[in-house]
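In our numbering, the protein residues as written are 330 to 532.
Every residue, glycine too, gets a C-beta built ideally from N, C-alpha and C.
Remember, it's a predicted structure, so these values are computed and weren't measured experimentally.
Here the structure comes first, spelled out in structure tokens, and everything after it is commentary.
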Amino acid sequence: MYIPSFNQFPNHKEVIDFIKRYSFATIVTVKDNIPTATHLPFIIKEVDGQLILLSHFAKANPQANDIVNNRALVIFTEPHAYISPKNYEKEQNVPTWNYLAVHAYGDCFLLNGEENKAALLKETIQYYEADYLKRYEGLTDDYKQKMMKGIVAFQIIVDDLQAKKKLSQNRSEKERENIIEDLEKSAITTEKEIADYMKSLAK
């Protein structure tokens with residue numbers, strides 16, 4: 330990913346916080362020079378300084394076979410906003426887009442066995458809806474086993490993490506203030522989020 334120096338995240342923790350907040354991501358793999366993508370919820374873990382991403386495919390998804398002995402790119406991105414040139418001090422300007430994105434590259438490994446699948450599903454429920462866990466555990470073993478047979482669980486060991494925060498850092502203070510004010514008036518949630526991220530740069 331192209332990342333000018335002024336668009337870099339300031340530290341690793343902020344990158345991890347971002348991908349945990351926007352953890353519904355896109356996994357991309359390539360087979361026979363053809364890229365394939367699936368949108369999945371991820372669990373993000375750091376173990377002994379190593380970033381690990383965990384998720385599962387539906388077994389019927391052909392991409393589930395592509396991850397074996399392969400690398401993957403997982404793209405985390407969510408808030409974004411159109412930036413109008415009306416916010417700039419000079420008339421000779423063009424529109425752009427503000428956004429945040431993280432690209433995580435790594436090798437894929439299957440999590441085989443019912444025990445591993447069960448642990449991943451339980452951890453996923455705890456992360457996304459902890460209140461549902463008790464009800465999930467009350468489901469019959471037969472139902473849960475059939476469900477686990479229908480998924481392919483996997484993890485990605487991340488070895489290349491690229492993070493970009495494009496928030497008008499190259500504009501003047503006045504222009505950034507104009508953009509923030511404009512976005513805060515928006516009825517679109519993601520535009521308000523971009524305004525919040527832009528305000529956090531000044532802290």
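Apart from the five residues just before and just after residue i, which ones in its own chain have a Cβ nearer than 7 Å to its Cβ?
i	result
Y411	P424 and W426
A273	Residue 273 lies beyond the range of the chain shown here (330 to 532); nothing can be said about it.
N390	T367
I396	T358, C437 and F483
Can you tell me whether residue i is buried or exposed? The criterion is at least 16 other CB atoms within 10 Å of its CB, across all chains shown.
i	result
Y526	buried
S501	exposed
I517	exposed
K446	buried
M476	exposed
Going by beta-carbon coordinates alone, are residue i and residue j separated by less than 8 Å?
i	j	result
Y472	I454	no
L449	V344	no
K521	S529	no
M330	H432	yes
K415	G479	no
Q498	N336	yes
Y351	E407	yes
K493	A430	yes
K503	E420	no
Locate the beta strand (DSSP E) running through residue i, then write down its first and last residues.
i	result
T355	F353 to K360
T365	I363 to P370
I486	I480 to K495
T425	T425 to L439
Between which two residues does the alpha helix (DSSP H) harbouring residue i extend?
i	result
D346	H341 to R350
L512	E502 to E513
Q455	E443 to Y457
Y526	T518 to S529
L468	Per DSSP, L468 belongs to no alpha helix (DSSP H) and is neither H nor E.
For residue i, which residues of its own chain have a beta-carbon under 6 Å away from its beta-carbon, when the five flanking residues on both sides are left out?
i	result
F353	P370
Skipping 5 residues on each side, what residues in its chain have a beta carbon closer than 8 Å to that of residue i?
i	result
Q474	E443
F347	F338, F405, L429, V431 and A492
- Task: Taking only runs that begin and end inside the stretch 388-414, name each unbroken beta strand (DSSP E) of 3 or more residues, in chain order.
- Result: 400-412
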